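Down below is the structure, laid out as C-alpha cells.
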Ligand code: MN3
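In our numbering, the protein residues as written are 220 to 427.
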C-alpha cells in the first residue's frame with residue numbers, strides 16, 4: 220500500500236500563474252482546467268491503477284481488461300495536459316515569436332512553410348468531431364513531422380508519433396471564453412506557444 224502511494228501519479232506544478240496566458244486563455248479557464256480537469260485525470264488514473272494492481276494480484280483477468288479503458292482515458296488525459304502546460308507561455312515572456320533552427324527548417328521541409336503548417340494544423344484540429352487534441356508529432360521511422368488528431372484523451376504515441384506541439388480542443392479548454400468558435404481559440408493559441416520548449420521537445424524526439 221505504501222509503495223502504491225509513493226508511485227502514484229501527481230498533478231505537476233503549473234509553470235506560471237492562472238492569469239499568465241491572458242488574453243488568449245482566461246485565468247478562469249486555466250484554473251478550472253488545471254485544478255478540476257487535469258486533477259481529475261490524475262485522481263482517476265491512480266484509482267484505476269490501484270484497482271488494476273489489486274485485480275492483477277488476484278489473477279482477475281476480467282476486471283483487469285475492464286479497467287484498461289479507464290487507464291487509457293485518464294492516463295492519456297494526464298500525459299496530454301502535462302505536455303500542454305509546458306508548451307505554452309505568457310506573451311510577455313515569449314523569447315521567440317516563431318520557431319527557429321532545425322525545427323523551423325523541418326517545418327519548411329515537411330509542410331512547405333510555417334503558414335501552410337499552421338493552416339493544415341488548424342483545419343485538422345478545428346475539424347475534430349467532439350472532444351480531442353490536434354498535434355504536430357515526430358515520426359521516428361520516416362524522420363519527419365506530421366499533423367495528427369486524436370479523439371478524447373487518446374495519446375499521440377498510440378499513433379506511433381512523438382508529441383511535439385498540441386492543442387486541447389475539448390470544450391472545457393475554451394468554451395467559457397470562445398463559446399462555440401473553436402477556430403478562433405485554435406488560431407489564438409499560436410500566439411502563446413513557447414517555442415524554446417517546443418524546440419527542446421523536438422530535439423529530444425530526434426536525438427534518441
Ligand atoms: Mn483539457
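The beta carbon of each residue, even a glycine, is placed where N, CA and C say it ideally should be.
Since this is a predicted model, take the numbers as computed values, not measurements.
| Asked | Found |
| --- | --- |
| Got a sec: does the ligand MN3 put a non-hydrogen atom nearer than 8 Å to the Cβ of residue 257? | yes |
| The ligand MN3 and residue 373: does any heavy atom of the ligand fall closer than 8 Å to the residue's C-beta? | no |
| Given residue 249, which residues of its chain have a CB within under 7 Å of its CB, disregarding the five upstream and five downstream residues? | 237 and 240 |
| Can you list, in chain order, the residues of its chain with a C-beta nearer than 8 Å to that of residue 198? Leave out the 5 residues immediately preceding and following it. | Beyond the ends of the chain as shown, which are 220 and 427, falls residue 198; an answer cannot be given. |
| Given this structure, state the Cα-to-Cα distance separating residue 340 from residue 276, to the nearest angstrom. | 44 Å |
| Is it the case that the CB of residue 297 approaches a heavy atom of the ligand MN3 more closely than 8 Å? | no |
| Report the CB separation of residue 253 from residue 233 in whole angstroms; it is logged as a contact under 8 Å. | 5 Å |
| In whole angstroms, give me the CA-to-CA distance for residue 343 and residue 397. | 18 Å |
| I think residue 387 touches residue 295, with their Cβ atoms under 8 Å apart; what is that distance to the nearest whole Å? | That belief does not hold up - the Cβ atoms of residue 387 and residue 295 are roughly 12 Å apart, past 8 Å. |
| Could you give the DSSP three-state label for residue 336: helix, strand or coil? | helix |
| At a cut-off of 8 Å, is residue 392 close to the ligand MN3 when judged by its beta-carbon and the heavy atoms of the ligand? | yes |
| Within a Cβ cutoff of 7 Å, which residues of the same chain sit near residue 371, ignoring the five residues on either side of it in sequence? | 292, 350 and 351 |
| Excluding the 5 residues flanking residue 318 on each side, which residues of the same chain have their C-beta closer than 8 Å to its C-beta? | 326, 333, 414, 417 and 418 |
| Using the C-alpha atoms, what's the distance from residue 379 back to residue 313? | 30 Å |
| So, at 7 Å on beta carbons, what are the nonlocal neighbours of residue 408 in its own chain, with the 5 sequence-adjacent residues on each side left out? | 243 and 386 |
| Please return the same chain residues whose Cβ sits closer than 6 Å to the Cβ of residue 424, not counting the five positions on each side in sequence. | 357 and 381 |
| Between the Cα of residue 235 and the Cα atoms of 246, 331, 362 and 347, which residue gives the shortest distance? | 246 |
| What are the residues that DSSP puts in a beta bridge with residue 386? | 353 |
| When we look at the beta-carbon of residue 391 and count the other beta-carbons within 10 Å, is it buried (16 or more) or exposed? | exposed |
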